[in-house]
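Q:
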Amino acid sequence: DWSSDVCSSDLPKGLLKILAQFLEGENEVEPLEPPIQSDSENLIDLDFLHSNYGGDPSLISFVIKRTCQETSEKIDSMHTAIREGNGMTLADKAHSLKGVFSYFNALKMVESANNLEKMGKQTKLSDAESELTKFQSMWSEAQKILEIELSRLAQSDY
3 DWSSDVCSSD LPKGLLKILA QFLEGENEVE PLEPPIQSDS ENLIDLDFLH SNYGGDPSLI
63 SFVIKRTCQE TSEKIDSMHT AIREGNGMTL ADKAHSLKGV FSYFNALKMV ESANNLEKMG
123 KQTKLSDAES ELTKFQSMWS EAQKILEIEL SRLAQSDY
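Numbering (the numbering used here), first residue to last: 3 to 160.
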């Protein structure tokens, strides 16, 4: 049996499921279509996201939902931190967002979050509001991309 020679840890979960269905005689398995990339300055790299999570649609959906929820909360906290002159909170939230968006290979967002983190650490908040506005604008575009991807994943059979 050739399938026993394949190490399951080397295959993404989605592929394993399709393979198992095929081996069980369910030959009508339709593979998940690749994600649609946006032209919005390539803010979010969906292929990168899918490869980071092994193509597992349920895990990817969870990550997207959590990111959408937490990013908005962090942005609100950052606005408050700037208004209150709290550089450490700004730096902390920006650092967190920098890590989150590295999983999406969202380099422009990572760069902006890095700038905000530096501003917060140095308590140089005079330009922080404009940088946060820039980040928030990118987030608005990225969120649209992620919501489309979430909808696409919900419509797929996985």
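C-beta: ideal position from N, C-alpha, C; glycine also.
Consult DSSP for residue 112 and reduce its assignment to one of helix, strand or coil.
A: Taking the sequence shown and counting its residues from 1, one reaches residue 112 at position 110. Three-state result, residue 112: helix.
Q: Tell me which residue opens and which closes the alpha helix (DSSP H) that residue 46 is part of.
A: Translated into the one-based positions of the sequence shown, residue 46 becomes position 44. Unbroken run through residue 46: none, as it is neither H nor E.
Q: Restricting to Cα atoms, I'd like to know which of 152, 127, 113 and 117 is closest to residue 45.
A: What you label residue 45 is simply residue 43 of the sequence shown in a count that begins at 1. Of the listed residues, the one whose Cα sits closest to residue 45 is 113.
Q: Taking all protein chains shown into account, decide if residue 64 is buried (16 or more other Cβ within 10 angstroms of its Cβ) or exposed.
A: Translated into positions along the sequence shown, residue 64 becomes position 62. Residue 64 should be labelled exposed.
Q: When you compare each of 149, 148, 84 and 102 to residue 125 by their alpha carbons, which one comes out closest?
A: The residue you call residue 125 lines up with position 123 of the sequence shown. Here the closest residue by C-alpha is 84.
Q: Considering Cα atoms alone, identify which of 50, 72, 56 and 92 is closest to residue 133.
A: Start at 1 with the first residue of the sequence shown, and residue 133 comes out as number 131. The shortest C-alpha separation from residue 133 is found at 92.
Q: For residue 82, which of helix, strand or coil comes out of DSSP?
A: Locating residue 82 in the sequence shown gives position 80, where the first residue counts as 1. Helix, per DSSP.
Q: Distance, Cα to Cα, residue 71 vs residue 122?
A: Taking the sequence shown and counting its residues from 1, one reaches residue 71 at position 69. Taking the sequence shown and counting its residues from 1, one reaches residue 122 at position 120. Answer to the nearest angstrom: the Cα atoms are 23 angstroms apart.
Q: What residue range does the alpha helix (DSSP H) around residue 157 cover?
A: By 1-based counting over the sequence shown, the position of residue 157 is 155. 130-157 is the span of the alpha helix (DSSP H), which, as asked, contains residue 157.
Q: Residue 135 to residue 60, Cα distance in whole Å?
A: In the sequence shown, counting from the first residue as 1, residue 135 sits at position 133. In the sequence shown, counting from the first residue as 1, residue 60 sits at position 58. Rounded to the nearest angstrom, the two C-alpha atoms are 32 angstroms apart.
Q: Can the beta-carbon of residue 152 be found closer than 9 angstroms to that of residue 106?
A: One-based indexing of the sequence shown puts residue 152 at position 150. One-based indexing of the sequence shown puts residue 106 at position 104. No, they are not a contact pair.
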